[in-house]
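Below: the structure, in structure tokens.
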Amino acid sequence: MLYDRRSWLQQSMVALAGLAVSTETFAAPRNGVERFSKIHLPATTAILLNSNENAYGPSPMAKKAMLDHYKESNRYPDEYIPVLKQKIADHWKVSPQHILIGAGSSEIIGLSTLFAATKNKKIVTAEPGYKSWNGQAAAFGLDFIRVGLTPERKTDLPAMLAAINAETSMVYVCNPNNPTGTFVDADSLRNFTIEAAKKTMVFVDEAYTEYAEIPSLADLAAANPNVIVAKTFSKIYGLAGARIGYAIAHPDTIKKLATYQAWANASVSVLSSAAAIASLDDTTFVNETRTNTQVARNLCVDTFKQLSFDYIPSHTNFMMFDISKFKKNLIKEMEAKNIFVQSRKHFDGEWCRVSMGTVPEMQAFCQALKAIV
Ligand SMILES: Cc1ncc(COP(=O)(O)O)c(C=O)c1O
């Protein structure tokens, strides 16, 4: 997903490969039976502020659930899936028939674009917007009509509605928007979705709604076969590595999307479903994450103001600030301090997108930024 992060991971793997040879990663044969003792995977001391993860997660209840259930990993999760679906359905006051689970909301986006590609060839989406899935959609034969944001750097719903035409297969709206962190109000988005769904399929990506505390369009998606809402456990629930997310949609749409999986909900593991089930109950963790994220954002805002960086007020666990005037390579300078952030070209300039880590991590980021500037 993210070049800097990937290359760091690759470097770590290379370093560990070297380490494995010199320190004998695997235990010597015991009683003549070769057994795995330890598998060394990268654990980092780096401050990772480049993938919008939850630095506090998984939640305590999710960790306990994984520990309690890992021994079931030799079994298919057939007993877990209905429990998880029911849990999610109760959470959104819909029925399990309205839910399809995937390996992160990325899988749900993939299934939906595959479905969209059977209808038509153009996707209407915001610019800048979340793009990690765009290459996959292009491989399905889709291309994009990119609609600029409003002057407040919010999704321009009227312009997106106007961009829908006979060739449109899907409209993708991410609310709050990644990478800007801005959101459109729930009523406007609801009205937009109702109108747009008369003409095409509407995909609403709600990866960050819990941070902004904006209502979901789950009810609308459950009732309208042309609306899909995607949710993830990767963000406020802190389970990015467990790879679990889901779609909420009309049962007919869910059935259609499920045909693109090997079997319905095929990509979910015992561990990820146990963790997700427990996560939904851990409201203390969710609330603490939201509060700490707000504290982290305030720290950043204070620092950006102090250093005269233009920034976009955010309602999520990431923020963008304008580094166009900055002469040095901020990303490299940060990397040298073991802090990883992203840079992006938007609005005719260069911006840094920084994810909110823990409060101490953000203090370190702000201190590093001051030192570099
Ligand atoms: C807006 C948005 N949607 C979807 C995803 C994918 O998340 P996952 O596949 O981990 O659920 C991300 C990840 O960063 C995101 O920012």
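One gets my numbering by counting positions in the sequence shown from 1 and adding 1 to each.
Ideal Cβ placement from N, Cα and C applies to all residues, glycine included.
My guess is that residue i and residue j are in contact by the Cβ rule of under 8 Å, so how many angstroms apart are they, rounded?
i	j	result
L85	S274	5 Å
P180	P129	6 Å
F341	I48	7 Å
T114	M171	7 Å
T194	L218	6 Å
T298	S309	Note that residue 298 is Arg in the sequence shown, not Thr. 18 Å between Cβ atoms; not a contact.
Near residue i, which residues of its chain fall below 6 Å by C-beta distance, leaving aside the five closest residues on each side in sequence?
i	result
A21	For A21, the predicted model reports a pLDDT of 37, less than 50, meaning its position is unreliable; a value from the coordinates is still stated below. Excluding residues within five positions, none has a Cβ falling inside 6 Å.
P216	A187
V287	I237
K155	T183, V185
D311	D323
K326	none
K88	I278, L281
Ignore the nearest five residues each way along the sequence and tell me which others in residue i's own chain have a CB closer than 7 Å to its CB.
i	result
G105	T233, S235, R244, I245, G246
Q368	none
Would the beta-carbon of residue i fall within 8 Å of that of residue j?
i	j	result
N178	F184	yes
G239	N55	yes
G103	Q137	no
A276	A63	yes
L143	L258	no
E207	N176	yes
T317	Y173	no
M202	A265	no
K132	E168	no
C353	I313	no
I249	V95	yes
V230	A198	no
Any beta-carbon of chain D closer than 8 Å to the one on residue i?
i	result
T304	Judged by its chain identifiers, the structure shown contains no chain D, having just a single protein chain.
Residues in the same chain with beta-carbon distance under 8 Å from residue i, minus the five sequence neighbours each way, listed in chain order, please.
i	result
S189	L158
task = Just jot down, in chain order, the residues whose CB lies closer than 6 Å to any heavy atom of ligand 1.
result = N53, G105, S106, S107, Y131, C175, N179, D206, A208, T233, S235, A241, G246
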